[in-house]
Structure formats: C-alpha cells, structure tokens
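Student: Residues 1 to 266 (UniProt numbering) make up the sequence shown, in order. Beta carbons: idealized from backbone N, C-alpha and C, even for Gly.
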Amino acid sequence: MIEILDPTELPRARKVGALVADILQTLKSRSAVGTNLQDINRWAEAMIVEAGALSCYVDYEPSFGRGPFGHYICTSVNDAVLHGMPYDYTLADGDLLSLDLAVSLGGVVADSAVSFIVGDSRPPESVALISATERALQAGIAAAGPGARVGDISHAIGSVLREAGYRVSTEFGGHGVGSTMHQDPHISNTGRPGRGYKLRPGLLLALEPWIMADTAELVTDADGWTLRSATGCRTAHSEHTIAITSDGAEILTLPTASAPPVDGRL
C-alpha cells in the first residue's frame with residue numbers, strides 16, 4: 001500500500017516528525033557512560049505517553065521478527081545495527097549506540113534513527129561509519145522530489161556508501177510511511193537511477209542508510225530481533241522521514257530548536 005497525504009494532513013506529519021526528533025535528541029543527551037538500555041526504553045515510553053502518542057514498536061510483529069517486539073525503541077550497540085532489543089546492558093565509554101524510534105500521532109507515523117558515540121572516546125572507525133551514513137542520508141534526501149524515482153534515491157545512497165569503502169546490504173532499507181510504519185515503496189540502499197516508483201507530492205518516505213564496517217552479512221540474536229554484523233564489526237544507522245512536496249523534499253524529523261526538551265524522566 002502507498003498512501004498519499006492530502007496537503008491538509010502535512011501539519012500533522014510535521015508535528016509527529018518533530019516529536020520523534022525531540023525524543024531522540026533528549027534520549028541522546030541522556031545516554032551517557034553508565035546508562036542502562038532499559039532506562040532508555042523507559043524514558044522513551046514516558047515521553048511517548050506524555051505526548052499522547054502511540055509506539056509503533058510495542059505490538060509490532062512482522063514475519064521476520066519473533067514478535068511482538070514489546071519495547072518502545074530500538075537500541076543497537078556496537079555490532080548491532082537494526083532492531084536492537086533493549087536489555088540489561090550498561091553503556092561504556094566509546095560504545096557506538098544507534099537509537100531508532102517510530103511513533104504515531106494524529107493518525108500519522110514518523111520514523112527516525114541516530115547513531116552516536118557514548119562518552120569521551122572517539123574511535124576513528126566509529127566516527128567514519130556514522131559520517132558515511134549521515135552523508136548517504138543527505139544524498140538520498142537531495143535526490144528525492146516530485147518526478148524523481150525510488151531508484152534515484154537508492155543510487156544516491158549507495159554511491160556514497162560504496163565510495164566510502166563499505167559493502168551495502170539490500171536486506172533492509174527505507175520505506176513509505178503514513179498511517180502505518182512500514183508501507184510501500186521499499187527503498188533499497190543501493191540501486192539504479194531512473195527505476196522504480198515515481199515520487200509524488202504528499203508521499204512520506206523513511207530513508208535509512210545503514211552499514212557494517214567489513215561485511216554485508218547479518219546474523220540474528222537469540223531474542224529473534226536484534227540484527228548484528230556477522231563478523232562482530234561495528235555498525236551505524238541514520239534515518240529521517242521526509243515529505244515529498246511540490247518543489248522538493250521536506251525533512252520532518254528535525255529537532256525543534258525553539259522547544260524545550262521533552263521531559264518524561266522517571
């Protein structure tokens with residue numbers, strides 16, 4: 001299913017996008033050495049409930065997981081890259097943490113992810129991984145607009161990742177969003193330009209380049225959800241939800257600079 005939002009629905013998409021971004025920004029600021037992943041999940045729950053929103057993850061039960069997911073946010077550390085299930089782990093200096101959050105508010109979903117290094121250490125490999133996904137995300141957004149095709153986005157993302165020296169997996173990628181979290185079209189993180197669905201104003205897309213340092217092969221944890229690099233190498237993941245407009249693409253999941261951080265502290 002592909003949903004196209006009416007122009008009158010775009011303000012609701014902006015509102016939920018800002019909420020997701022502000023929650024992620026708050027969680028990032030609180031994720032310090034000594035923070036437990038379960039605390040991050042509790043903070044996310046409190047902020048989502050406080051905003052009158054709904055988690056897209058708690059009851060999420062796709063065919064590839066061992067569901068339902070049962071948590072409010074994905075917390076992926078170091079060699080975990082996608083669908084990281086929060087567990088009793090205390091963050092250490094130099095850990096590479098990816099937070100992935102999808103929320104529904106007013107009948108519209110926004111989905112975003114950030115990767116960052118915990119503490120004062122800055123391992124060069126981790127810095128390079130994060131930078132590559134962020135650059136690829138910006139390239140994908142720049143390639144999006146009315147009349148462009150899904151393949152144009154995929155090609156832009158994949159070109160940046162490959163030029164940075166990383167292998168690109170096509171097992172998971174970006175996707176449409178709307179009234180639900182995962183919709184068509186699927187947006188691979190590599191592809192051929194000029195191919196695929198033609199983008200139209202009102203379409204919401206979640207673009208999410210992710211990479212692993214020295215492999216494109218994933219393995220699944222015993223929890224049935226957490227996806228890790230097959231070699232144990234570090235990983236990174238960046239994601240924004242965008243709206244296709246009449247003159248380009250609008251990033252919906254940017255933090256609200258003038259707004260105070262969402263609280264929800266337990």
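#1: Would you kindly check if the distance between the Cβ of residue 253 and the Cβ of residue 110 is under 8 Å?
#2: Residue 81 lies in the alpha helix (DSSP H); which residues open and close that run?
#3: To test your reading of the DSSP string, which unbroken alpha helix (DSSP H) runs of 4 or more residues are found completely within the region 4–78?
#4: From the DSSP secondary-structure annotation, give me the bridge partner or partners of residue 100.
#5: To the nearest angstrom, report how far apart residue 195 and residue 201 are at their CA atoms.
#6: Does the Cβ of residue 47 have 16 or more other Cβ atoms within 10 Å, making it buried, or fewer, making it exposed?
#7: Identify the continuous alpha helix (DSSP H) that holds residue 127 and give its terminal residues.
#8: Which word fits residue 8, buried or exposed, when buried means at least 16 other C-beta atoms lie within 10 angstroms of its C-beta?
#9: According to DSSP, what are the bridge partners of residue 248?
#10: Who are residue 210's beta bridge partners in DSSP?
#11: For residue 33, collect the residues of the same chain with a Cβ closer than 7 Å to its Cβ; drop the 5 residues on either side in sequence, then sort them by chain order.
#12: How long is the line joining the alpha carbons of residue 265 and residue 82, rounded to whole angstroms?
Tutor: With the structure as the only source:
#1: yes
#2: Here residue 81 belongs to no alpha helix (DSSP H); instead the beta strand (DSSP E) covers 80–82.
#3: 10–30, 37–50
#4: 74, 113
#5: 18 Å
#6: buried
#7: 124–143
#8: exposed
#9: 245
#10: Note: residue 210 is bridge-paired with 237 in the DSSP secondary-structure output.
#11: 91, 92, 93, 118, 119
#12: Only weak support exists for where residue 265 lies, its pLDDT of 41 falling under 50; the value from the coordinates is given anyway. If you take the alpha carbons of residue 265 and residue 82, they lie about 25 Å apart.
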